[in-house]
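*Asks:* Sending over a structure as structure tokens; questions will come in a sec.
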Amino acid sequence: MVDQGTRPTFGVQALAVVVAAFLLVPLIFVLPISLTDRSYLSLPSEGLSLAHYKALWSDAAWLPAFGQSVVIGLVATLIATVAGTLCALGCWRAGGRISSSIRAIMVLPAVIPPVVYALGVYRLWIDLKILDTYTGVILAHAMMGMPYVIITVSAALSGFDRRLEAAAAGLGAGPVDRLRLIVLPIIAPGIFSGALFAFLSSWDELIVVLFIASRNILTLPRQIWDGINEDLDPSIAAVAVLLIVFSALLLFADQTLRKRRQG
Amino acid sequence: MGETKSAAARTGLLLAAPALLLLLLFYLFPVGRVLSLSVLEPTPGLGNYEMLFTSSGIQAVLSATARICLITTAIAVPLGYLMAYVITIGSRSMRTFMLYGVLLPLWVSALVRSFVWVTLLQRRGLVNQFLQSLGVIDQPLPLIWNEFGVIVGMVHYMIPYAVLPLLASMAAIDIRLVEAARGMGASRGRAFREVFLPLSMPGIAASAILVLILTFGFYTTPAILGGGRTMMIAQYITTQILVLPRWGVGAMLATVLVVVTIALLLLLSRFFDPSHSRTER
Numbered sequence: 001m002v003d004q005g006t007r008p009t010f011g012v013q014a015l016a017v018v019v020a021a022f023l024l025v026p027l028i029f030v031l032p033i034s035l036t037d038r039s040y041l042s043l044p045s046e047g048l049s050l051a052h053y054k055a056l057w058s059d060a061a062w063l064p065a066f067g068q069s070v071v072i073g074l075v076a077t078l079i080a081t082v083a084g085t086l087c088a089l090g091c092w093r094a095g096g097r098i099s100s101s102i103r104a105i106m107v108l109p110a111v112i113p114p115v116v117y118a119l120g121v122y123r124l125w126i127d128l129k130i131l132d133t134y135t136g137v138i139l140a141h142a143m144m145g146m147p148y149v150i151i152t153v154s155a156a157l158s159g160f161d162r163r164l165e166a167a168a169a170g171l172g173a174g175p176v177d178r179l180r181l182i183v184l185p186i187i188a189p190g191i192f193s194g195a196l197f198a199f200l201s202s203w204d205e206l207i208v209v210l211f212i213a214s215r216n217i218l219t220l221p222r223q224i225w226d227g228i229n230e231d232l233d234p235s236i237a238a239v240a241v242l243l244i245v246f247s248a249l250l251l252f253a254d255q256t257l258r259k260r261r262q263g
Numbered sequence: 264m265g266e267t268k269s270a271a272a273r274t275g276l277l278l279a280a281p282a283l284l285l286l287l288l289f290y291l292f293p294v295g296r297v298l299s300l301s302v303l304e305p306t307p308g309l310g311n312y313e314m315l316f317t318s319s320g321i322q323a324v325l326s327a328t329a330r331i332c333l334i335t336t337a338i339a340v341p342l343g344y345l346m347a348y349v350i351t352i353g354s355r356s357m358r359t360f361m362l363y364g365v366l367l368p369l370w371v372s373a374l375v376r377s378f379v380w381v382t383l384l385q386r387r388g389l390v391n392q393f394l395q396s397l398g399v400i401d402q403p404l405p406l407i408w409n410e411f412g413v414i415v416g417m418v419h420y421m422i423p424y425a426v427l428p429l430l431a432s433m434a435a436i437d438i439r440l441v442e443a444a445r446g447m448g449a450s451r452g453r454a455f456r457e458v459f460l461p462l463s464m465p466g467i468a469a470s471a472i473l474v475l476i477l478t479f480g481f482y483t484t485p486a487i488l489g490g491g492r493t494m495m496i497a498q499y500i501t502t503q504i505l506v507l508p509r510w511g512v513g514a515m516l517a518t519v520l521v522v523v524t525i526a527l528l529l530l531l532s533r534f535f536d537p538s539h540s541r542t543e544r
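Just so you know, the protein sequences line up as chains L and E, in that order.
Mapped onto this note's numbering, the consecutive letters of the first sequence carry residue numbers 1 to 263.
Mapped onto this note's numbering, the consecutive letters of the second sequence carry residue numbers 264 to 544.
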């Protein structure tokens, strides 16, 4: 418990609230803009209108973009989660210096600026003839998602008491049972968090898609990007509102899970 | 555990193999190959790197990039510090509110957040309309498609990232030290300056380096809010490849990005380990 005398003063707290407001208020302002009754970005003048939300349903581009993003995100997340979890488990089991080197290499896609990867993957996909295909985008996104899974699963494993597994072995549990009954339940929240981050990284990914997709694959970020650069019509505000709500729900789910884990 | 140590290592490496193989084939190989173009295209040699010293266009991009990085860091880290400080030692309700203030923007994509700033800052945007209706200005201010707009968007994007390492470092500070200083008669300000602030220094360094790394190679926000007039390095590289295409120059600048990022990462690893930061002073 923090002492009264060391609590931040009212002035400091007020300033911090101003910063938080700077972060949050702009996100809230898109809501009225998405409900405007005019055809350009503006506040509603005479009344609220759902026209721009309806336009999302009837427009030929938005729904397929949403669907493609979901499919690409889910498959890329599946690959990243399976490969990443196995890798984190393997490094944990092997231990030693080689494991820390492997982990250091595996997180590179999360720290090297994605534009660098975009150049490399663009050239390779030309050679492999998978430019502008589901395979190409899914594979690239899976690479970019793996680091998150490895980081979160490794973190979950670092708090794991190895003696639990030894005790299970002593009681006669085989390797598969030990993995299923002891290790997996403990790292499950880490796998879930990693998968969530991997999905979000694919869901939001723009720069690589700008390079390796053009006509057949138009993900949601690509569609928003085109919209911002072409005509800035209020249907983008409607998409923005939906995405902000979606992010808030995911955040809430993640926080609730974390609390349950701690409590 | 029933297994010998080397058997455990072998199983372990076997489990890690698929991910490593994927990374090698579909990440490290293509990235390495494209970076090598910087000394191969259009002719073998260091000609592309000479452009760092001779091309005024590239120098303008690099200096704009450096300027935006430094200004963004200089604004985002102190503001992030304020938030982390209140989250760490503020009351419970404050803490929850501020924590969501940090986390929610973190979960909203850069694209959406940049778009939000377009709606606020453009010529007929809410900020200009508001200022005009108050009579503060006659003509709309140019708030976007320039460096100002990029910096507003970047600061907004980076504050949450600035907060995270600060929170980790502040959580490791024994708050009783501050209370002891207060108990011995130090003023609030003095207890902060002489006890809390020095203890949080590794967090400040980590936060500043993290924001620098992320800002340096960032594409989306500068591309949208800079409107092509203020160009940072990632966007310049994209133009080199997708518009011109000049692979040699693009690959050279990509190499610069990678080298600077790795140098900053090595610097970061000196501050990031919490056990290290506690013994720092």
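Quick reminder that beta carbons are idealized off the backbone N, C-alpha and C, glycines included.
Can you check which of these residues, F199/L, D226/L and I33/L, is closest to L210/L by C-alpha distance?
*Replies:* D226/L
*Asks:* How many whole angstroms separate the CB atoms of V245/L and W62/L, which I take to be in contact at a CB cut-off of 8 Å?
*Replies:* Not confirmed; about 16 Å, so no contact.
*Asks:* So is W370/E in contact with chain L if we call contact Cβ pairs under 7 Å?
*Replies:* Yes, W370/E counts as interfacial toward chain L.
*Asks:* Helix, strand or coil, according to DSSP, for Q13/L in the structure here?
*Replies:* helix
*Asks:* Quick one: using the 10 Å Cβ neighbour count with 16 as the cut-off for buried, is Y40/L buried or exposed?
*Replies:* exposed
*Asks:* Please report whether the beta-carbon of L427/E lies at a distance below 7 Å from any beta-carbon of chain L.
*Replies:* no
*Asks:* Y424/E lies in the alpha helix (DSSP H); which residues open and close that run?
*Replies:* Y424/E -> alpha helix (DSSP H) spans E410 to A434.
*Asks:* Relative to chain L, which residues along the segment 480-492 of chain E have a C-beta separation below 7 Å, given in chain order?
*Replies:* Listed in sequence order: G480, Y482, T483 and I487.
*Asks:* Would DSSP call S540/E helix, strand or coil?
*Replies:* Confidence at S540/E is low in this model, with a pLDDT of 39, below 50, so the placement of that residue is unreliable and no value is reported for it.
*Asks:* Counting only beta-carbon atoms, is M361/E nearer than 7 Å to chain L?
*Replies:* For M361/E, the closest Cβ of chain L is nearer than 7 Å.
*Asks:* Between S45/L and A237/L, how many whole angstroms is the CB-CB distance? I'm expecting something under 8 Å.
*Replies:* 15 Å between Cβ atoms; not a contact.
*Asks:* Cβ of M421/E less than 7 Å from any chain L Cβ?
*Replies:* For M421/E, the answer is no, since every Cβ of chain L falls outside 7 Å of its Cβ.
*Asks:* Please name the residues in the segment 376-399 of chain E whose beta-carbon is closer than 9 Å to at least one beta-carbon of chain L, in chain order.
*Replies:* Cβ contacts with chain L come from R376, S377, F378, V379, W380, V381, T382, L383, Q385, R387, G388, L389 and Q392.
*Asks:* Let me know the secondary structure DSSP gives V70/L once reduced to three states.
*Replies:* helix
*Asks:* Kindly list, in the order they appear in chain E, the residues whose Cβ is closer than 8 Å to that of Y264/L.
*Replies:* The requested residue 264/L is not part of the displayed model; chain L covers only 1 to 263.
*Asks:* For the structure I just gave you, are there three or more beta carbon pairs, one from the segment 363-377 of chain E and one from the segment 448-458 of chain E, closer than 8 Å?
*Replies:* No: fewer than three Cβ pairs fall under 8 Å.
*Asks:* Does the CB of L15/L have a neighbour CB from chain E at under 7 Å?
*Replies:* yes
*Asks:* Measuring only the C-alpha atoms, how far is Y425/E from Y344/E?
*Replies:* Reading off the sequence shown, one finds Ala at residue 425/E, where the question assumed Tyr. So the alpha carbons of these two residues sit roughly 8 Å apart.
*Asks:* I want to see whether chain E comes within less than 7 Å of L243/L, judged by CB atoms only; does it?
*Replies:* yes
*Asks:* Quick one: what's got a C-beta closer than 7 Å to A83/L's C-beta in the same chain, skipping five residues either side?
*Replies:* M146
*Asks:* If you reduce the DSSP assignment to three classes, tell me which class D233/L lands in.
*Replies:* coil
*Asks:* According to DSSP, is A449/E part of a helix, a strand, or is it coil?
*Replies:* coil
*Asks:* Pick out whichever of F393/E, L427/E and F316/E has its Cα sitting closest to the Cα of L473/E.
*Replies:* Ranking F393/E, L427/E and F316/E by Cα distance to L473/E puts L427/E first.
*Asks:* Counting only Cβ-Cβ distances shorter than 7 Å, please list the residues of the segment 212-228 of chain L near chain B, keeping chain order.
*Replies:* Although the question refers to chain B, the structure presented lacks it and instead comprises the protein chains L and E.
*Asks:* Run through DSSP, which three-state label would M106/L get?
*Replies:* helix
*Asks:* Let me see if you follow: with CB-CB separation under 7 Å, is E543/E close to chain L or not?
*Replies:* Legend: pLDDT at E543/E = 36, less than 50; position of this residue unreliable, no value from coordinates given.
*Asks:* Since I504/E meets chain L, which of its residues come closer than 8 Å, beta carbon to beta carbon?
*Replies:* Simply L119, Y122 and F211.
*Asks:* Where does V458/E sit, in a helix, a strand or coil, going by DSSP?
*Replies:* helix
*Asks:* Considering just the uninterrupted stretch of the alpha helix (DSSP H) at A213/L, what are its terminal residues?
*Replies:* Careful: A213/L lies outside any alpha helix (DSSP H) and carries neither H nor E.
*Asks:* Classify F197/L: buried if its beta carbon has 16 or more other beta carbons within 10 angstroms, exposed otherwise.
*Replies:* buried
*Asks:* Can you look up M146/L in the DSSP assignment and give me helix, strand or coil?
*Replies:* helix
*Asks:* Please report the distance separating the alpha-carbon of L287/E from that of M417/E.
*Replies:* 32 Å
*Asks:* Within 10 angstroms of its Cβ, does G320/E collect 16 or more other Cβ (buried), or is it exposed?
*Replies:* Note on G320/E: under 16 other CB atoms within 10 angstroms of its CB, so exposed under the neighbour-count rule.
*Asks:* Does the beta carbon of I500/E come closer than 7 Å to any beta carbon on chain L?
*Replies:* yes
*Asks:* Examine the Cβ distances between the segment 114-121 of chain L and the segment 178-198 of chain L and report whether three or more of them are shorter than 8 Å.
*Replies:* no
*Asks:* Quick check: what's the CA-CA separation for A323/E versus V153/L?
*Replies:* 43 Å
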